[in-house]
Amino acid sequence: MNELSHAHPTPPADAIVDISSDPARLDIGFIHHALATQTYWAKDIPRVTLMRAIAHSLCFGAYATQVEGGAARQVGFARVITDRATFAYLADVFVDPSMRGLGIGKRLCENVLAHPALQGLRRFLLATTDAAGLYARYGFEPLDPVNKMMQIHRPDIYTRQQDAP
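For the record, in the sequence shown the residue sitting at position 2 is 2 according to full-length UniProt numbering, with numbers rising by one throughout.
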């Protein structure tokens, strides 16, 4: 779990991409850097908070290699919070900017939805401001017009934690 893994050179567009839910393969340095600096929903997330979230979630990584059997580097991530019986929430989905447009996000979604632990769920939720079209392909749709969902939302929680004495 190399802290500087986000600095690896970009694999070519024809790289072999593998999707895995093996937690041992996750590159925490890459994931933390991407979420804390490249997303609007987890900006400045503390590493310890991310590690706790990963430990209590079903996580998926996308890994690119240039040749079969070569060294892989993580290029994507998705996390599912679930009881594995009735409910799941898809979170923290991202693909390295240098690898976007190659279908990796689609493959992540397909692998998440096909995972044996996520079959037969009554409800599968997610929130997005910029990828509704992608998720609609997999059956996700906006919630009822009558808003039954409620929330406590603290969008600046990580920034406030950094500012605390």
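We treat Cβ as the ideally placed atom computed from N, Cα and C, and that holds for glycine.
Assigned exposure category for residue i - 16 Cβ within 10 Å defines buried
i, result
"Tyr40", "exposed"
"Ala131", "exposed"
"His32", "buried"
"Arg79", "buried"
"Val48", "exposed"
Nearest neighbour of residue i, chosen from the options [CA to CA]
i, options, result
"Cys59", "Gly133, Leu113, Ala72", "Leu113"
"Ala15", "Leu102, Gly139, Ala24", "Leu102"
Secondary structure of residue i, DSSP reduced to three states
i, result
"Gln38", "helix"
"Ala15", "coil"
"Tyr138", "coil"
"Ala127", "coil"
"Arg73", "strand"
"Ser98", "helix"
"Gly133", "helix"
"Thr65", "strand"
"Cys59", "strand"
"Arg25", "helix"
"Ala78", "strand"
"Leu121", "coil"
"Leu143", "coil"
"Ala53", "helix"
Beta-carbon spacing of residue i, residue j below 8 Å
i, j, result
"Ala72", "Ala64", "yes"
"Val75", "Ile54", "no"
"Ile81", "Tyr158", "no"
"Thr86", "Leu121", "yes"
"Glu92", "Ala36", "Looking at the sequence shown, residue 92 is not Glu but Asp. Taking 8 Å as the Cβ cut-off, Asp92 and Ala36 do not qualify as a contacting pair."
"Leu50", "Tyr89", "no"
Nearest-angstrom Cα separation, counted from residue j out to residue i
i, j, result
"His115", "Gly61", "13 Å"
"Asn111", "Ile19", "7 Å"
"Ala127", "Asp83", "18 Å"
"Asp144", "Gln66", "44 Å"
"Glu141", "Asp156", "27 Å"
"Lys106", "Leu134", "7 Å"
"Ala136", "Arg154", "27 Å"
"Asp22", "Leu108", "13 Å"
"Gly139", "Gly29", "32 Å"
"Gln151", "Arg25", "33 Å"
"Met149", "Ser57", "22 Å"
"Val17", "Pro97", "15 Å"
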